[in-house]
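Colleague: Here it is: the structure, laid out below.
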Amino acid sequence: MSRIAATFEGLRAQRRAALVPFVTAGDPTPATTLGMLRALVKNGADIVELGVPFSDPMADGPTIQRSSERALRAGTGLAMILDTVKEYRREDDRTPIVLMGYANPVEHMGAEKFAARAKESGVDGVLIVDYPPEESGAWVEALAGAGIDPIFLLSPTSSESRIDLVARMAKGYIYYVSLKGVTGAATIDTADVERMLTRIRARTGVPVGVGFGIRDPQTARAIARFADAVVIGSRLVEEIERSEPGLAAANAGAVLAGFRAGVDAAAGDRSAE
Numbered sequence: 000m001s002r003i004a005a006t007f008e009g010l011r012a013q014r015r016a017a018l019v020p021f022v023t024a025g026d027p028t029p030a031t032t033l034g035m036l037r038a039l040v041k042n043g044a045d046i047v048e049l050g051v052p053f054s055d056p057m058a059d060g061p062t063i064q065r066s067s068e069r070a071l072r073a074g075t076g077l078a079m080i081l082d083t084v085k086e087y088r089r090e091d092d093r094t095p096i097v098l099m100g101y102a103n104p105v106e107h108m109g110a111e112k113f114a115a116r117a118k119e120s121g122v123d124g125v126l127i128v129d130y131p132p133e134e135s136g137a138w139v140e141a142l143a144g145a146g147i148d149p150i151f152l153l154s155p156t157s158s159e160s161r162i163d164l165v166a167r168m169a170k171g172y173i174y175y176v177s178l179k180g181v182t183g184a185a186t187i188d189t190a191d192v193e194r195m196l197t198r199i200r201a202r203t204g205v206p207v208g209v210g211f212g213i214r215d216p217q218t219a220r221a222i223a224r225f226a227d228a229v230v231i232g233s234r235l236v237e238e239i240e241r242s243e244p245g246l247a248a249a250n251a252g253a254v255l256a257g258f259r260a261g262v263d264a265a266a267g268d269r270s271a272e
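Numbering (numbering that gives the first Met the number 0), first residue to last: 0 to 272.
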């Protein structure tokens, strides 16, 4: 069983949703990423999404765009990120790590070479924002050969046929974008999100995580009552941005701990239902 599947199985037995922090690798510097992974896991991360910085992050709002700019200015690259994951695996063989980014860095390395290096490093899943599922057959095959889960996005505007396709192709979890627009853009309508997750779950047994726009523990608690995972991104990246580099990991960890409390409170809500 993969690390991602084992994580969701364990959480399901506890009636808990996964807490999934997103940070951009190399933000504010490549040297801080290892400490960031440690701080996030110490403060409650069940799975960690590491963003691969890219110069044209079309799905991301200004906050995460700036984090990519900082990471790129500091010299962060895909090979460096894979080396960091490999180093982290020497001390933690349990927590799943998912890379999230765009096609160009992967295609520059080559999909087959990337999959092999990601496997060697201990990466568990990969989400490439601009790989539409309709054109991802070879990509999914490359990841499958390395035992890595392909993760895809669904959104409020996804058609029935797109939902069916992603339901057939995705492994690990499906990432549901909870609002129209870029990351951190607006306020979530939790009732709409719950209705959409019901539609998705009617087509697949793959866990469904919810991200984009979850900015406080109260919203995380509301989402965790019905989602399999809650993804926290922009709020953490804001904390990193306003922190001194030496304090960024500790401060992001402290913010994540608040979200951990919210998600855990939802487990109590579920038990009381």
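We treat Cβ as the ideally placed atom computed from N, Cα and C, and that holds for glycine. Small disclaimer: the values here were computed from a predicted structure and weren't measured.
Could you work out which residue in A265, L246, L255 is closest to V47 when comparing CA atoms only?
Modeller: Taking only the C-alpha atoms, the option nearest V47 is L255.
Colleague: Consult DSSP for V51 and reduce its assignment to one of helix, strand or coil.
Modeller: V51: coil per DSSP, three-state reduction.
Colleague: Going by C-alpha distance, which of A219, T23, T186 is nearest A70?
Modeller: Ranking the options by Cα distance to A70, first place goes to T23.
Colleague: Could you tell me whether the region 239–256 touches the region 30–42, where touching means 3 or more Cβ pairs closer than 8 Å?
Modeller: Contact holds: three or more Cβ-Cβ distances are below 8 Å.
Colleague: Nearest-angstrom Cα distance between T186 and V192?
Modeller: Looking at the two C-alpha atoms, the distance is approximately 12 Å.
Colleague: On the CB-based measure, 16 or more other CB atoms within 10 Å of its CB, does P61 come out buried or exposed?
Modeller: P61 is exposed by the Cβ-count criterion.
Colleague: So what does G124 bridge to, in DSSP terms?
Modeller: Answer is V97, D148.
Colleague: Name the residue from D188, G74, E119, E240 whose alpha carbon lies nearest to the alpha carbon of D92.
Modeller: Nearest of D188, G74, E119, E240 to D92, Cα basis: E119.
Colleague: If we ignore side chains and look at the alpha-carbon of each, how far apart do P85 and G121 end up?
Modeller: The residue you asked about is not Pro; residue 85 is Lys in the sequence shown. Near 6 Å, if we compare the C-alpha coordinates of G121 and K85.
Colleague: Can you tell me the Cβ-Cβ gap for L36 and I80, rounded? I've got them flagged as a contact below 8 Å.
Modeller: At roughly 11 Å, the Cβ-Cβ gap does not stay under 8 Å, so L36 and I80 are not in contact.
Colleague: Compare the beta carbon distance of T75 and G25 with 8 Å and say whether it is the shorter of the two.
Modeller: For T75 and G25, yes; Cβs fall inside 8 Å.
Colleague: Return the first residue and the last residue of the alpha helix (DSSP H) that T32 is part of.
Modeller: Here the alpha helix (DSSP H) through T32 covers 32–41.
Colleague: Considering only C-alpha positions, which residue in the set V40, E237, R234 is nearest to R88?
Modeller: The candidate whose alpha carbon is nearest that of R88 is V40.
Colleague: For the alpha helix (DSSP H) containing F258, name the first residue and the last one.
Modeller: Note, F258: alpha helix (DSSP H), 247–271.
Colleague: Quick one: what's got a C-beta closer than 7 Å to K112's C-beta in the same chain, skipping five residues either side?
Modeller: Correct list: empty, nothing qualifies.
Colleague: In terms of alpha-carbon separation, which member of L77, P132, P131, D129 lies closest to A114?
Modeller: Comparing Cα positions, the closest option is L77.
Colleague: When the Cα atoms are used, what is the spatial distance from R2 to L18?
Modeller: Going by the C-alpha atoms only, they are around 15 Å apart.
Colleague: Take S66 and list the residues in its own chain whose beta-carbon comes closer than 6 Å to its own, dropping the five residues that flank it on each side.
Modeller: Taken in chain order, the residues that qualify are T23, D26, V236.
Colleague: Between which two residues does the beta strand (DSSP E) carrying L18 extend?
Modeller: 17–23 is the span of the beta strand (DSSP E), which, as asked, contains L18.
Colleague: Which term fits G109, buried or exposed, when burial requires 16 or more other beta carbons within 10 angstroms of its beta carbon?
Modeller: By the neighbour-count rule (16 or more Cβ atoms within 10 Å), G109 is not buried but exposed.
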